[in-house]
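Input: a single structure, listed below in structure tokens.
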Amino acid sequence: METINNFVGQSPQRFIKMESFKADGRDAKLIVVSGTYYDMGYLLGRELGKQLVDEVTQGYKSIKRKVAIFLRKDKNFDEELETSLHKFLPQIPYECRMEFAGIYAGCQEAGCNFSDPQLLEKFLILIELGEQECTLFAAQPPFTLGDTYQMRDLDYYKNISMGYIPTLLIRIPQNAHGQPIDNAYASIDFLSNITGGVTTGINEHGVAFSQSRGPFLKRFSYQGMPIKSLIQQVLSKTDNAVAARSFIQKNPPATAYFVIISDPKQRKDSLQLLFTGPAIHHAYEYDEQPDLSLIHYEDPQLRFYKPMDGIVYWTDMVDRRVNNAPADFFMKDFHQLLTQNAGKFSAENGLNIAQTVGNDITFITALYNTSKMEAWIAYATRKTPAHNNAFLHFNLNKYFAYKKALL
Numbered sequence: 004m005e006t007i008n009n010f011v012g013q014s015p016q017r018f019i020k021m022e023s024f025k026a027d028g029r030d031a032k033l034i035v036v037s038g039t040y041y042d043m044g045y046l047l048g049r050e051l052g053k054q055l056v057d058e059v060t061q062g063y064k065s066i067k068r069k070v071a072i073f074l075r076k077d078k079n080f081d082e083e084l085e086t087s088l089h090k091f092l093p094q095i096p097y098e099c100r101m102e103f104a105g106i107y108a109g110c111q112e113a114g115c116n117f118s119d120p121q122l123l124e125k126f127l128i129l130i131e132l133g134e135q136e137c138t139l140f141a142a143q144p145p146f147t148l149g150d151t152y153q154m155r156d157l158d159y160y161k162n163i164s165m166g167y168i169p170t171l172l173i174r175i176p177q178n179a180h181g182q183p184i185d186n187a188y189a190s191i192d193f194l195s196n197i198t199g200g201v202t203t204g205i206n207e208h209g210v211a212f213s214q215s216r217g218p219f220l221k222r223f224s225y226q227g228m229p230i231k232s233l234i235q236q237v238l239s240k241t242d243n244a245v246a247a248r249s250f251i252q253k254n255p256p257a258t259a260y261f262v263i264i265s266d267p268k269q270r271k272d273s274l275q276l277l278f279t280g281p282a283i284h285h286a287y288e289y290d291e292q293p294d295l296s297l298i299h300y301e302d303p304q305l306r307f308y309k310p311m312d313g314i315v316y317w318t319d320m321v322d323r324r325v326n327n328a329p330a331d332f333f334m335k336d337f338h339q340l341l342t343q344n345a346g347k348f349s350a351e352n353g354l355n356i357a358q359t360v361g362n363d364i365t366f367i368t369a370l371y372n373t374s375k376m377e378a379w380i381a382y383a384t385r386k387t388p389a390h391n392n393a394f395l396h397f398n399l400n401k402y403f404a405y406k407k408a409l410l
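Sequential numbering of the sequence shown, starting at 4, is according to this note's numbering.
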């Protein structure tokens, strides 16, 4: 069993490295941080204190307004968030809580305190309550020309009041003795939301995780884990899709999701489509037909799925304006679009698909080549959805290699 010292304390080899890059003219950040989970939070807070406090504070207020409208909440939403926080705290993994503690301490040392001493925890719960539908797939041969890919168009709310600072964060966990523990993993997000886990990401073994909110019978429960924390746990603890599936079954999310997990081993079980959440866990491989009766939509066009060799997929874009697709874009349309690329899929095809199915609230678009550990990422601006901005290419091997220096 891992000891508390694996998560707290100070590693003699802790470090943070930052690179700057440009994304559509904006200053963006690539961060590699390593240490105990407390260390990693502390270093982020110490080095990014003012920006982190400003971005989290501003983003929280803006997203809270959006979520309140989305959930049709009244003026008592603040009280509901307080209640949710106390119910959720026991479900937040210890690693995450230690990272929060480190961030608070690091920001304080930088002279930048949060006005609310539990703002990071509240932000995590707010994100859980306000998750949106997304478009995702994972593919391997015979669908692709040779490599394994995963894509996620992450949809969220428009015109959020924040700095829209694109961030690629790589965490390399250590114990208090400076020894690496768990997997190194990358998280793609904006600076305002890098705390509390992972929004979408990939680990050093090529395990990638994408999700979309699921309309199942039991939508929400305080007994499950916040999705960002769960993604972080899966990426840090597992090295293949089957292990990830098993981990999720034992540690279900608090909210219902369609989840796609993939690894680059290119076995039949390397691609997994999950219907998962409170009181539900069903897993399907690429040649299996999901039980669509589990999906609680009245419109049958939203309950379509046809298995395809070498790919699992999902989309859910109700009442959204899709970029280059028909006005009404349903699962059947997505299946047809994917069919046109069967047997010849490459990174170029993946980017074309991402641009085709992106819509007016696409927040982040990420395409991974999990065989070669490459990522193409596009970030939204306040006025332009992600898929209409430039895709930036990253070789993740370069950053995961920092772990070798600890061995």
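By construction, the Cβ of each residue, glycine as well, lies at the ideal position given by its N, Cα and C atoms.
The criterion of a C-beta distance shorter than 8 Å is not satisfied by V315 and I364. F146 sits away from G217, with the two beta carbons spaced by 8 Å or more.
In this structure, D319 is the residue among D319, C110 and F261 with its C-alpha nearest to the C-alpha of D331. Within the DSSP bridge table, the entry for G149 names no partner. Pairing P267 with S349 gives a Cβ-Cβ distance that is not under 8 Å. Ranked by Cα distance from I168, the options Y160, L46, A378 and Q54 are led by Q54. Classified as exposed, T86 has fewer than 16 neighbouring CB atoms from the shown chains inside 10 Å of its CB. For I95 and Y152, the gap between their C-alpha atoms comes out near 30 Å. Taking every protein chain shown into account, the CB of P256 has 16 or more other CB atoms within 10 angstroms, so this residue is buried. In the structure shown, R306 adopts coil according to DSSP, grouped into three states. Taken in chain order, the unbroken stretches of beta strand (DSSP E) that lie wholly in the stretch 179-255 and span 3 residues or more are 188-193, 204-206 and 211-216. Counted as a single uninterrupted DSSP element, the stretch harbouring I298 is not any alpha helix (DSSP H), since DSSP gives it neither H nor E. By the neighbour-count criterion, in which a residue is buried when 16 or more other Cβ atoms sit within 10 angstroms of its Cβ, P281 is buried. Around the CB of S190, 16 or more other CB atoms lie within 10 Å, so the residue is classed as buried.
Within the model, the alpha-carbon separation for L123 versus L88 is close to 11 Å. Within the stretch 326-352, complete alpha helix (DSSP H) segments of at least 4 residues are found at 334-342, given in chain order. The beta-bridge partner set that DSSP reports for P169 consists of F193. The beta carbons of Y371 and V35 sit no closer together than 8 Å.
One Cα belongs to L274, the other to V70, and the distance between them is close to 32 Å. CA-CA distance, K76 to S195, rounds to 23 Å. Comparing alpha carbon positions, the residue from Q214, L220 and F219 closest to P229 is Q214. Rounded to whole angstroms, the gap between the alpha carbons of M376 and N79 is 45 Å.
DSSP places K407 in the helix class (H, G or I) of the three-state scheme.
Three or more beta-carbon pairs separated by less than 8 Å are not found between the stretch 294-308 and the stretch 233-242, which leaves the two stretches without contact. In terms of Cβ geometry, Y382 and N392 form a close pair [threshold 8 Å]. Nearest C-alpha to R155 among L341, L139 and L354: L139. Less than 8 Å divides the Cβ of E102 from the Cβ of G44. In chain order, C110, A113 and C115 place their CB closer than 6 Å to the CB of G52, counting only its own chain and leaving out the 5 sequence neighbours on each side.
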